[in-house]
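Quick notes on the structure that follows.
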Amino acid sequence: MHVRRSPSGDGPTIYRPNESVAVRLDPPPRPVAHEPDSIPPPPRDSLLMRVNRRRGQILTVMVSVAAVASFGSVVWWAHNQDVKAGGRGLEPLVVQAPTTPARIKPENAGGLVPPNQDKEVFNRISPGTVPAQPEKLLPVAVTPKLPPNGLPLPAAPKETETAATRTPTPLQPVSTTTAPAIAEPKVPANPPNMQPATTTPTTTESGPSIASLIENMSGPTGGWRIQVASVKNEDVAKSTWARLQSAHGEQLSKLRMQAVRVDLGDRGVWYRVQAGPLDEKQAHSVCASLKARKADCVSVPPAR
């Protein structure tokens, strides 16, 4: 008995001895499938498909709304946390420089030390030459140039004066006739229109006059004074007087300041800012005027 598998693969085909060879060689016919046009298409836009499609759209919209709501809630929560914390933790980061040096010179720098660098032969190009010394610049002495006689030159006279001195006075002719003698009027010793010349100290360009210097050096000679402050330093006394004089110029503009040094023992040395000289009535009047303007003032009698 011969065994042959079928093309469909359902199982082996058993041939019997009485079958013909044609039957063994030719497989049985297969059923023919229907043509594509004969198969009816599935129904479109059925009720079930429309329901499924609408469910998918509603699900997509719900997922989108849920995502947007979740993101908004996260942003709102973070904003509230920042407001409650008062902005803490948002300060700029301050980077401080290290207090230790970045590089430290080693005790032994090492490196190659060329030999024979201390020899003077390297300073000479040819035998017999002396190494050049560094140039030293000295300050130039300035000597003022004096006139030939060592005194200041006098000012040149004016042209009018020189012309007046050069022009001779013409002589009047003398008459030979004799005239009766006329009594000359008596000239008074001091004419009324002529006053004696008064010498006033002149201030030169170089500085104040000698009289003013003597007056400033001598200081107030007696009389009453007013005391407006007491400080620990003479420079502070001068600045205090300048401030008070600018603030109360009407009362203190004509007075002269004097810083009187007083040793108070344990309390130290003080400088009393006094001004004068004044008489008793003027001192009390100036102090009353300063006190009316909310300034300190004390009348100081003359020393005896």
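Numbering that gives the first Met the number 0 puts the first residue of the sequence shown at 0, with every later residue one more than the last. All residues carry an ideal CB built from backbone N, CA and C; glycine is no exception.
Expected contact under 8 Å - CB spacing of residue i and residue j to nearest Å
i, j, result
"Val299", "Ser229", "No, Val299 and Ser229 are not in contact; Cβ-Cβ is about 12 Å, not under 8 Å."
"Ala294", "Val227", "7 Å"
"Ala274", "Leu254", "4 Å"
DSSP beta-bridge partners of residue i
i, result
"Arg260", "Tyr270"
"Arg242", "DSSP output for Arg242 lists no bridge partner at all."
"Gly275", "Arg255"
"Arg224", "Val299"
"Val230", "Tyr270"
Separation of residue j from residue i, as counted between CA atoms
i, j, result
"Ile225", "Arg266", "23 Å"
"Cys286", "Leu243", "13 Å"
"Met256", "Ala246", "15 Å"
"Gln281", "Trp223", "8 Å"
"Ser252", "Leu277", "13 Å"
"Lys231", "Tyr270", "6 Å"
"Ser69", "Asn79", "16 Å"
"Arg53", "Met61", "12 Å"
"Gln95", "Val74", "34 Å"
"Ser284", "Gly264", "33 Å"
"Glu279", "Pro143", "55 Å"
"Gly110", "Val139", "46 Å"
"Gly218", "Arg260", "For Gly218, the predicted structure reports a pLDDT of 42, less than 50, and the residue's modelled location is therefore unreliable. The matter cannot be settled from this model."
"Ser63", "Gly71", "12 Å"
"Arg102", "Asp117", "31 Å"
"Ala108", "Glu233", "57 Å"
"Val93", "Ala66", "39 Å"
"Trp76", "Pro91", "23 Å"
"Val297", "Asp262", "19 Å"
"Met48", "Asp81", "50 Å"
"Val268", "Ser238", "18 Å"
"Asn51", "Leu58", "11 Å"
"Thr201", "Leu136", "Confidence is the limiting factor: at Thr201 the pLDDT is only 44, short of 50, which leaves the residue's position unreliable, though a coordinate-based value still follows. When rounded, the distance between both Cα atoms is 46 Å."
"Val112", "Lys104", "18 Å"
"Pro114", "Val141", "50 Å"
"Pro97", "Gly248", "58 Å"
Buried or exposed by the 16-neighbour rule on C-beta atoms within 10 Å, applied to residue i
i, result
"Thr99", "exposed"
"Trp240", "buried"
"Ala258", "buried"
"Gln56", "exposed"
"Leu289", "buried"
"Gln250", "buried"
"Glu106", "exposed"
"Ala291", "exposed"
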